[in-house]
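Below you'll find the structure, written out as structure tokens, and then a few comments.
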Amino acid sequence: MQHKQRHDRSHTQVTKTSHSPLRTIVIVTLIVVAAMAILAASSAVALRIANKSAPLIDASMEVKYELSLFHLWFEELVQQDPTVDKEQVWQHLNQARWYANTMLQGGESSHVKFQALDDPALRSMIRNTLDQIDRLEAVGLARLKRAQSSLAGSNQDQLFDKVFAEVLKIADDVETAVYRNMATQIRQFERLVYILGAVVMLVGLAGGILFFLIERRRRSDYTLLQESETRFRRLFENTAAISVQGYDRNRRVIYWNPASETLYGFTADEAIGQQLEDLIIPGEMREGMIAAIDAWIDDGTEIPSSEITLRRADGSPIQVFSNHVMLRTHNNEPEMYCIDIDLTERKRAEAQARQHELVLNSVFQALPDLFFLMDQDGTIRDYRAPQAADLYVPPETFLGKRMQDVLPPTLAAQFNENRAVVSERGGLTTYEYTLELPHGLRLFEARLSQLPDSPQLIAVIRDITERRRAEEALAKSAQEWTHAMDFFEDAIYLIDLDDKLVRANQAFYKLTGLTPELAIGMEITSIIHPQEEAEPCPVCAARIARSDKYITMEANHPHNPTGRPIEVMVRTIRDDTGSPLGVLMGMHDLTRARQAQQALRESEERYRTIFEGAPEGVWLIGPDHRTLEVNQRLCEMLGYRADEMIGRTPLDFADEENQKIFRGQAAKIETTDRRNYEVELRHRDGHNIPAHFNAITLHTDKGGVLASVAFVTDLTEQKITEQALRRAQKMDAIGQLTGGIAHDFNNLLGIIIGNLDFLKRLLPEDDKSLKRVESASKAALRAADLTRQLLGFSRKQAQEARPTNINQVIRDMDSLIARSVTPEVEVELQLADHPWLTRIDPGDLEDALLNLILNARDAMPQGGKLTIETANKRLDKTYAGLNPAITPGDYLQLAVSDTGSGIPKEILEQIFEPFFTTKPSDKGTGLGLSMVYGFARRSNGYVKAYSEPGIGTTIRIYLPRSIEKSEMIPQTSISETRLTPGHGTILVVDDEDNLLDLARDYLEETGYKVHTATRATEALALLESEDDINLLFSDVVMPGGMNGYELAEQAYKLYPNLKILLTSGFTKKVAARHSQAHFAANLLSKPYSRDDLIKRIQDVLDGE
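The sequence shown: position 403 = 403 (the UniProt record's numbering), numbered continuously.
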């Protein structure tokens, strides 16, 4: 739009200028009426000047127009645009030459007649124009030839553009000179008219007429100029491949064609009016660019055409070839036009051409052959030779000489003979020749052919000396080979590198029905393995590829000539250097082997079914005590794959103490055929597994040891059950013992307390002995309290059991709980919203809870947090299997947790025994937790302790759910919602093997893929090696220096998208005190049921 406005202003100025002479004519005509007398003479002179100058102006503009068309279409021709007519491009240049020559010599076009110029200066300028047009044609032809040969060169491009710019400048000078000459003549004539007008009034009239005619010619010239400008505009705006921009003196855009919009990304509306350096000039080029344009405007120093890197609207760089033209307006204002061609595709093509040349050079260097490019007469134009080639003459003597002049005379004659054959008939000819080289006589094979669509020849020379020697050596051993192969029933045959049969055994001739005389020398594809079949022949493919293969063909295979299942051997015979000499092939009948394999396979399937289906681990051990085979059950038991165990001895799966047992049993192999013993095996993760071995020795026919097979039973669950049984029996025995002792002791205490009361009444109040009696009485009362606790531990049933809401009991004890702890201890209740009822003695519950609270208080002398929780829990069969003292079902859980000093693991199982205490002798009796244990047992429940030194302790009591109809509180059931199958991969981390196995079984049963680890470092290694893990499920307290919170922090830093869920035997609040709240807030309390775990896992994975 801005460019259009500028053009309209120029047109207005020209129009106003053209009207001022007309007004002058009117005034002169009115004033100088007498000048009408010389009107005819003046008009004739004016017409002569106009008629002589106008064709020259028109011709000079046509020269520029045709040159510009030639330049634009020539650039498209160089870019190999298939739509460009080559003859039409050169026609524009010839048309420009015709107009220039016509201006010089005179002539006539379709609409105007030219007179020969008589101005010496103009004639010299036009001759210079013709010379430059000839030069432009020569340079253009050279550039076009180079472009067609795919050889890019910026020097040719710059020379062409420079010559074009010179031609265009000379044409501009010619046009300017014509205008100046016309103007000079007009001014001379105007002076003559004024002089005559002063003398005679008729001269004024003639002058008016003259001005009128000149003005008409000027209007005609302006119309021609507008038409020329329109042609140029249409040309530029319809040329999609060439970007044209125009700039004024201040480098502001005045023209921006559609190709510029596509190339640079700025629309015309965005670009016009903007400065060049703000649009497409990179920052580092701006200062130099501005200086170059100013120098061109001020002193005429042209900017040469060149390849430059400019900038698109999005900031990306673009390489263009930029031409620059400086024009002058009618008022001598400079306008610079840039003609840019996108070099992106050319640069890409040049890079591909360079890469292609590098590849060809690499191929030539890698091949052992010599390559020669020659003219028809044998003149060597190029060659390629391996670096290690042994040449007859030095390489520098090849180029430019004829091949027959380089070779010895006899070889030159052989070369000329074959060269003539190729030149006459075309195609390929091959011949062999020998040549004496510094290291001896060598045999060569020459292949000579003519290049397609070219008169040049190419010769490929290969040294075949070693190949010929190998062929001769192969032929020498043919007879011995044939006699040896005739002993085989399989068809065996040898073919050469041309796929022709060299020799075969009798089985081959029997199969094909041919005699050696007929078969030898025939192509193998005409005998067997035809390649014309629709289905590809695998044997042919292996033979052609020189691959060593064994190919099995069934009886019905289309390329099987025997009608029986066969195995075809393809073996390439090579010399010491690895070069192929021939292909040895054989056909082996698989019928008998298939029958034996089938029988063996059936036997192995029966054995494998028994072996892998055994419910126990099966371990087959060789006479060297190394593992021969193991079944899947044993692999699962030890955590290894079968291939990891095979080849290793049982000693590799045991610690030092159990290795002694294995060595002792190994010494009995030869003397005892059956051995039963127990030993502990070491799992992959390092923990020991108690196992029972039932080992049997297998003997050879001669009585030697063939192998030993051991049936291995995992005793882990049996040991756990036995341990729980022993503990229950121990606690029961202690309960019976303490109950009996307490009963007898109560009788003794009754006598003691009664006598002490009698003594207190007998003694006066001021008697010094009264204090001693009162002290003894208090001690006896404390002893009575101890016996009450012992009786509580030993009591088998609750005295007043009834359905009870535990939450209500705890709330009723609020004031008692507050008085029982020190001010430094914070008490928090976390009670279930709708707890199940449980059938218990509420008084027993109060005693048990009070004992737990007092123990927690004593564990926190400096203060801490005491948490009391209730929750509905469903304990399944798997959990019950790990804790034999509990029956699967619904339970009400009561948990008391503290943040105290904790209990060491080695004494954790003893805390419920009577009189066992970790407190000083004067601080506790050791009966508080025994009472808790007795309460749980009387209530048909279960008690479990979780503790870690320095972290705290949690005691959980599980009381059976009561389903009596008298329950008043609405009942709910946890996890009654159907759980959806799981998807994803979970990493489970726990140092307790039983809990680790439990969690893995829960998750795998639901559909998750599970990885397990017993330490934090092992878990981090799995996270690094396994990239499909979606969630980390870890215990909080673990050995090894890094607990669950630290593992969670480290994993979250490394893998921000990883979901994390922690678990602990402590309460959430207690755990939160020791690490970040955002991990503790999602804590899953132990023990957890299957539904608890799966629901929580799914909630975390779903982002809840």
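For each residue, glycine too, the CB sits at the ideal point set by N, CA and C. Here the structure is a predicted model, which means the values were calculated and not measured.
Within its chain, find whatever has a CB closer than 7 angstroms to the CB of residue i; leave out the 5 residues flanking it on each side and keep chain order.
| i | result |
| --- | --- |
| residue 977 | Unreliable placement is indicated for residue 977, whose pLDDT of 47 sits below 50; no coordinate value is reported for it. |
| residue 1102 | none |
| residue 796 | No answer about residue 796 holds up, because its pLDDT of 48 lies below 50 and its placement is not dependable. |
| residue 563 | 555 |
| residue 152 | Any reading at residue 152 needs caution, since the residue's pLDDT is 49, under 50, leaving its predicted position unreliable; the model's value is listed next. For residue 152, where only same-chain residues beyond five positions count, the Cβ hits under 7 angstroms are 346, 350. |
| residue 75 | 242, 341 |
Return the first residue and the last residue of the alpha helix (DSSP H) that residue i is part of.
| i | result |
| --- | --- |
| residue 1091 | 1090-1101 |
| residue 403 | 403-406 |
| residue 555 | No alpha helix (DSSP H) contains residue 555, which DSSP labels as neither H nor E. |
| residue 539 | 538-544 |
| residue 853 | 842-858 |
| residue 690 | From DSSP, residue 690 is part of no alpha helix (DSSP H) but of the beta strand (DSSP E) over 688-699. |
| residue 1001 | 993-1006 |
| residue 271 | 268-271 |
| residue 1050 | 1044-1054 |
| residue 279 | 276-279 |
Could you tell me whether any non-hydrogen atom of the ligand ATP is closer than 7 angstroms to the CB of residue i?
| i | result |
| --- | --- |
| residue 646 | As for the ligand ATP, it is missing from this structure, which has no ligand bound. |
Of the residues the options, which one's Cα is nearest the Cα of residue i?
| i | options | result |
| --- | --- | --- |
| residue 251 | 869, 281, 457, 575 | 281 |
| residue 86 | 97, 73, 95 | 73 |
| residue 427 | 454, 58, 405 | 454 |
| residue 99 | 174, 372, 118 | 174 |
| residue 635 | 833, 653, 84 | 653 |
| residue 607 | 625, 631, 585, 54 | 631 |
| residue 409 | 567, 170, 873, 433 | 433 |
| residue 507 | 518, 425, 493, 520 | 493 |
| residue 1105 | 279, 514, 96 | Any answer about residue 1105 is impossible in this case: the structure gives the chain only from 1 up to 1104. |
| residue 1094 | 1051, 1052, 1005, 1053 | 1005 |
| residue 350 | 146, 245, 462, 485 | 146 |
| residue 838 | 859, 866, 808 | 808 |
| residue 542 | 584, 983, 578 | 584 |
| residue 124 | 605, 526, 310, 170 | 170 |
Can you name, in chain order, every residue of its own chain whose Cβ lies under 8 angstroms from the Cβ of residue i, other than the five neighbours on each side?
| i | result |
| --- | --- |
| residue 1100 | 1031, 1059, 1060, 1061, 1082 |
| residue 966 | Unreliable positioning characterises residue 966 in this predicted model, as indicated by a pLDDT of 40, which lies under 50. A coordinate reading is not provided. |
| residue 980 | 1098 |
| residue 594 | 565 |
| residue 290 | 251, 277 |
Give the range of the beta strand (DSSP E) segment to which residue i is assigned.
| i | result |
| --- | --- |
| residue 374 | 370-374 |
| residue 412 | Element bounds for residue 412: not the beta strand (DSSP E) but the alpha helix (DSSP H), 409-425. |
| residue 809 | Counting along the chain, residue 809 falls outside any beta strand (DSSP E), though it belongs to the alpha helix (DSSP H) covering 806-812. |
| residue 944 | 942-948 |
| residue 711 | 705-714 |
| residue 987 | 985-989 |
Looking only at its own chain, which residues have a Cβ that is under 6 angstroms from the Cβ of residue i, when we skip the five neighbours before and after it?
| i | result |
| --- | --- |
| residue 710 | 619, 693, 695 |
| residue 972 | At residue 972 the pLDDT is 41, less than 50, meaning the model places this residue with poor confidence and gives no usable figure here. |
| residue 658 | 679, 680 |
Distance cutoff 8 angstroms, beta carbons only. Does residue i sit that close to anything in chain B?
| i | result |
| --- | --- |
| residue 276 | Of the protein chains in the structure, only one exists, and it is not chain B. |
Quick test of the definition: if touching needs 3 or more C-beta pairs under 8 angstroms, does the stretch 609-616 touch the stretch 491-500?
Contact fails: fewer than three Cβ-Cβ distances are below 8 angstroms.
With three or more C-beta pairs closer than 8 angstroms as the rule, is the stretch 947-955 touching the stretch 990-1000?
Using a C-beta cut-off of 8 angstroms, the stretch 990-1000 makes no contact with the stretch 947-955, since fewer than three inter-stretch Cβ pairs fall below that distance.
Tell me, please, whether the stretch 929-944 touches the stretch 876-893 by the rule of three or more beta-carbon pairs shorter than 8 angstroms.
As far as the Cβ criterion goes, the stretch 929-944 touches the stretch 876-893, which means the pair count is three or higher.
If you scan the stretch 617-667 from start to end, which runs of the alpha helix (DSSP H) of 4 or more residues do you find wholly inside it?
Annotation: the stretch 617-667 contains the following complete segments of the alpha helix (DSSP H) (minimum length 4 residues), in chain order: 632-638, 642-645, 656-666.
Enumerated in chain order, which unbroken segments of the alpha helix (DSSP H) with a length of 4 residues or greater are wholly contained in the stretch 58-135?
List check, alpha helix (DSSP H) in window: 86-105.
Is the stretch 846-853 touching the stretch 804-822, taking contact as three or more C-beta pairs under 8 angstroms?
Yes, they touch.
Counting pairs of Cβ atoms below 8 angstroms between the stretch 545-558 and the stretch 454-474, do you hit three or more?
Fewer than three pairs of CB atoms, one per stretch, sit closer than 8 angstroms, so the stretch 545-558 makes no contact with the stretch 454-474.
Would you say the stretch 542-549 touches the stretch 567-574, given that touching needs at least three Cβ pairs under 8 angstroms?
Segments in contact, yes.
Segment contact, 8 angstroms Cβ cut-off, at least three pairs: the stretch 894-902 with the stretch 951-963:
Yes: the two stretches touch, three or more of their Cβ pairs being nearer than 8 angstroms.
Given 8 angstroms, three or more beta-carbon pairs between the stretch 437-457 and the stretch 347-360
Touching, no, given that fewer than three Cβ pairs across the two stretches are closer than 8 angstroms.
Scan the stretch 286-349 and note each continuous beta strand (DSSP E) run of 3 residues or more that stays entirely inside, going in chain order.
The beta strand (DSSP E) runs lying completely inside the stretch 286-349 and spanning 3 residues or more are 306-311, 317-328, 334-342, given in chain order.
Between the stretch 637-647 and the stretch 678-687, do three or more beta carbon pairs fall short of 8 angstroms?
In this structure the stretch 637-647 touches the stretch 678-687; the number of beta carbon pairs closer than 8 angstroms is three or more.
For the structure I just gave you, are there three or more beta carbon pairs, one from the stretch 325-344 and one from the stretch 177-185, closer than 8 angstroms?
Short answer: they don't touch.
How do the stretch 63-82 and the stretch 135-144 stand: do at least 3 beta-carbon pairs fall below 8 angstroms, yes or no?
They touch, by the three-pair rule.
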